[in-house]
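Chemist:
Protein chains in written order, with this note's numbering: chain A, 1 to 269; chain B, 1001 to 1354.
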């Protein structure tokens, strides 16, 4: 039907909660293999947009197509089998499970054993299957450098590590499209650098298309291929990072009316 | 026992993932498990019938408690109707055996499957409601099933109760404590191994994921409704098997035993043993079964010259259970399983504190 290079097509999405219009007629498209960032001031509707894609919210109107398939009406757990993974802004790990089990939950829809064959572990294929997936999960653990904490309980870890485990869990879904909601919030510079490197590797080596919400302008400008700006639920700009940064409306909305320092946006965020 | 891995002994090296995923992680724990099984196999030859009776009780209640732990401890839901499922399993096994003549050997798992079917139906509200509302819904199922037991003469024998034939294999009847001990032991080992395997594979992880963070569980591809209802089904299967073992042990089932009080006792077992711990279910059951006996022995010990104490024995038994639950909630909310882990860690590091 449409351009096969487009992985995600969002058309005229509106979302209202009673009288609050969280999103109004937002349209954009994400190409296969790009890092697409959504930025905007607090309350602009960025996370609402992500929730519409991952299925936590049903938009009031509009359509979202993933690889040509309509997503509206599908339940969140069905969307992940299509190849959409995500992380959350506020940590959403299974806090009483070990890091390893958290990541193994990400393999849920790829595993075949169930409440009947699982208990028969040694006599069904469950053991073999679990071992095979354990091996693949260990690749992800190696990649994200969390081997030393794989047996720790997720709830006991530091903030930066938890963010990394959450990313690992989303990667375990083997998504084609990964939605990252503020992957660098609350991290120090070093952790941010690591995270940026992981995101680039996921994009370039693991071949994942990334849609990312991030407030750190330095990171957004450095690693995104394209950027979209939301303000009060409306799309006000989209394009290459430099173009977007040069846009007058963006400066006004995102960086405030004061233009005395407008040519150094990276510092402001 | 997964968290035992995090404090691995030194000198313990694992070179394959398979070694890393065993139920008993260290040679010592493997030897202890084998030793315990050998001890339990030999137990009928030297334990008194009184102690064997207590052990059998711990066995069938423990299986049912593990079932309750799956729905409450692992999936994070609440069930106040577990005793009714236990009772349903007891009646179902006796009924299948009495009406169709299928040997008791097959009736026990069949009764589990029947109870599972009932549990799946009762679990349907769990897909929609949570917390207090779900507690009331399961309370309703407790009373509906109790009512069913007293009215459905064809199934339960109504007010007269139902006879249950003894467990037999090729004509050999397990009709006394020494023999029935082995039936219960087999089922305890089998059901606890199955339970442990369930909880370390796909669907078990899904249960815990639903408990810990249902929103992100859904994003991870877990169908919330399915797993919330399924956990009730599996929990009922365990209750049904436990109930069936109970029926064929006593030889007679009557509706009076499966009241809300027993449901609360099941909850007490998993609170004391440890929510979300497989072995905790068994420890808590042992505690709940043995506590009244210890109280009785204690009262008889000091009570010979204080007759008031002996008269109050029934109340002391009841109160001690309530007190134990309260004390555990305050001082050890993670239960005996957690305390046991702490003790092991303490001896591992002794004489250093950490």
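Glycine included, every Cβ here is placed at the ideal spot set by N, Cα and C.
(1) Once the 5 residues before and after residue 1328/B are set aside, which same chain residues still bring their CB inside 7 Å of it?
(2) Return the first residue and the last residue of the alpha helix (DSSP H) that residue 179/A is part of.
(3) What does the Cβ neighbour count give for residue 280/A, buried or exposed, with the cut at 16 atoms within 10 Å?
(4) What is the C-beta distance between residue 1197/B and residue 119/A, in whole angstroms, given that I count them as a contact (C-beta under 8 Å)?
(5) Any Cβ of chain B within less than 8 Å of the Cβ of residue 48/A?
(6) Is it buried or exposed, residue 1174/B, if we count other Cβ atoms within 10 angstroms and call 16 or more buried?
(7) Can you give the Cα-Cα distance for residue 1332/B and residue 1274/B, rounded to whole angstroms?
(8) Return the chain-ordered ranges of every alpha helix (DSSP H) run that is complete within the stretch 1017-1066 of chain B and spans a minimum of 4 residues.
(9) Counting only Cβ pairs nearer than 8 Å, list the residues of chain B close to residue 230/A.
(10) Leaving out five residues on either side along the sequence, give the residues of the same chain with a beta carbon under 7 Å from the beta carbon of residue 247/A.
(11) If you measure from the beta carbon of residue 1069/B to each beta carbon in chain A, is any gap under 8 Å?
(12) Is residue 1106/B near the ligand NAP, in the sense that its beta carbon is under 7 Å from a heavy atom of that ligand?
(13) Please check if any C-beta of chain B sits within less than 8 Å of the C-beta of residue 142/A.
(14) Using a Cβ cut-off of 8 Å (strictly closer), state whether residue 1189/B contacts chain A.
(15) Verify the CB distance criterion: does residue 1017/B have a CB-CB separation below 8 Å to chain A?
(16) According to DSSP, is residue 1001/B part of a helix, a strand, or is it coil?
(17) Looking at the structure shown, is residue 1105/B part of a helix, part of a strand, or coil, going by DSSP?
(18) For the pair the stretch 123-143 of chain A and the stretch 1233-1252 of chain B, tell me if three or more CB-CB distances fall below 8 Å.
(19) To which residues does DSSP link residue 237/A through a beta bridge?
(20) Out of 1025/B, 1123/B and 1185/B, which one is the CA nearest neighbour of residue 1062/B?
(21) Taking 8 Å as the threshold (beta carbon to beta carbon), is residue 113/A in contact with chain B?
(22) Could you spell out the range, first to last residue, of the alpha helix (DSSP H) harbouring residue 47/A?
(23) Would DSSP call residue 85/A helix, strand or coil?
(24) Taking only three categories from DSSP, how would you classify residue 145/A?
(25) By the criterion of Cβ-Cβ separation under 9 Å, what are the contact partners of residue 1153/B in chain A?
(26) Under 8 Å, Cβ to Cβ, is there at least one residue of chain E near residue 27/A?
(27) Please identify, using Cβ separations under 7 Å, the residues of the stretch 1198-1230 of chain B that lie next to chain A, in order along the chain.
(28) Just confirm the distance between the C-beta atoms of residue 154/A and residue 97/A, as a whole number of angstroms; I'd bet it's less than 8 Å.
(29) For the beta strand (DSSP E) containing residue 1266/B, name the first residue and the last one.
(30) Exposed or buried, what is residue 1222/B when buried is set at 16 or more other beta-carbons lying within 10 Å of its beta-carbon?
(31) Should residue 199/A go down as buried or exposed, given a rule of 16 or more other Cβ atoms within 10 Å for buried?
(32) Given this structure, state the Cα-to-Cα distance separating residue 1059/B from residue 74/A, to the nearest angstrom.
(33) Is it the case that the stretch 1290-1297 of chain B contacts the stretch 1310-1318 of chain B, given that we only count it when at least three CB pairs across the two stretches are under 8 Å?
(34) Just confirm the distance between the C-beta atoms of residue 69/A and residue 82/A, as a whole number of angstroms; I'd bet it's less than 8 Å.
(35) Measure the CB-CB distance between residue 85/A and residue 170/A and report whether it falls below 8 Å.
(36) Closest to residue 208/A by C-alpha separation, out of 16/A, 34/A and 28/A, would be which residue?
Modeler: Taking the structure as given:
(1) 1271, 1272 and 1335.
(2) Where residue 179/A is concerned, there is no enclosing alpha helix (DSSP H), although the beta strand (DSSP E) it sits in stretches over 177-181.
(3) This structure leaves residue 280/A out entirely; chain A is present only between 1 and 269.
(4) Cβ atoms of residue 1197/B and residue 119/A come within 8 Å of each other, at about 5 Å.
(5) No - not a single Cβ of chain B is within 8 Å of the one on residue 48/A.
(6) So residue 1174/B counts as buried.
(7) Between residue 1332/B and residue 1274/B, the C-alpha separation is close to 9 Å.
(8) Here the runs fully enclosed are 1017-1020 and 1027-1042.
(9) Under the 8 Å cutoff, chain B gives no residues; its nearest Cβ is about 22 Å from residue 230/A.
(10) Closer than 7 Å at the Cβ level, and outside the excluded window around residue 247/A, lie 237.
(11) Chain A contact via Cβ: absent.
(12) As far as ligands go, the structure on display features none, and thus does not contain the ligand NAP.
(13) Not a single CB atom of chain B sits nearer than 8 Å to the CB of residue 142/A.
(14) So, not an interface residue.
(15) With 8 Å as the cut-off, residue 1017/B counts as an interface residue toward chain A.
(16) Residue confidence for residue 1001/B is low, a pLDDT of 37 falling below 50, so the modelled location carries little weight and cannot support an answer.
(17) Helix, per DSSP.
(18) Two segments are said to touch when three or more pairs of C-beta atoms, one from each, lie closer than 8 Å; by this definition the stretch 123-143 of chain A does not touch the stretch 1233-1252 of chain B.
(19) Beta-bridge partners assigned by DSSP to residue 237/A: 229/A.
(20) The shortest C-alpha separation from residue 1062/B is found at 1185/B.
(21) Yes - at least one Cβ of chain B is within 8 Å of the one on residue 113/A.
(22) Start and end: 46-54.
(23) In this structure, residue 85/A counts as strand in the three-state DSSP scheme.
(24) DSSP places residue 145/A in coil when its eight states are reduced to three.
(25) Taking the beta carbon of residue 1153/B as reference, no residue of chain A falls within 9 Å; the closest one sits roughly 34 Å away.
(26) The chain labelled as chain E is not found among the protein chains of the depicted structure, namely A and B.
(27) Under the 7 Å Cβ criterion, the stretch 1198-1230 of chain B contributes 1198, 1201, 1202, 1203, 1204, 1205, 1206, 1208, 1209, 1212, 1213, 1215, 1216, 1218, 1219, 1220, 1221, 1222, 1223 and 1230.
(28) Between residue 154/A and residue 97/A a beta carbon distance of about 6 Å is seen, short of the 8 Å cut, so the two are scored as contacting.
(29) Segment 1260-1273 is the alpha helix (DSSP H) holding residue 1266/B; no beta strand (DSSP E) there.
(30) By the neighbour-count rule (16 or more Cβ atoms within 10 Å), residue 1222/B is buried.
(31) Burial call: buried.
(32) Distance between the alpha carbons of residue 1059/B and residue 74/A: 45 Å.
(33) The answer is yes - the stretch 1290-1297 of chain B touches the stretch 1310-1318 of chain B, with three or more Cβ pairs under 8 Å.
(34) Distance from residue 69/A to residue 82/A at the Cβ level is roughly 7 Å; contact confirmed, criterion being Cβ atoms closer than 8 Å.
(35) Yes. Within cutoff.
(36) Comparing alpha carbon positions, the residue from 16/A, 34/A and 28/A closest to residue 208/A is 34/A.
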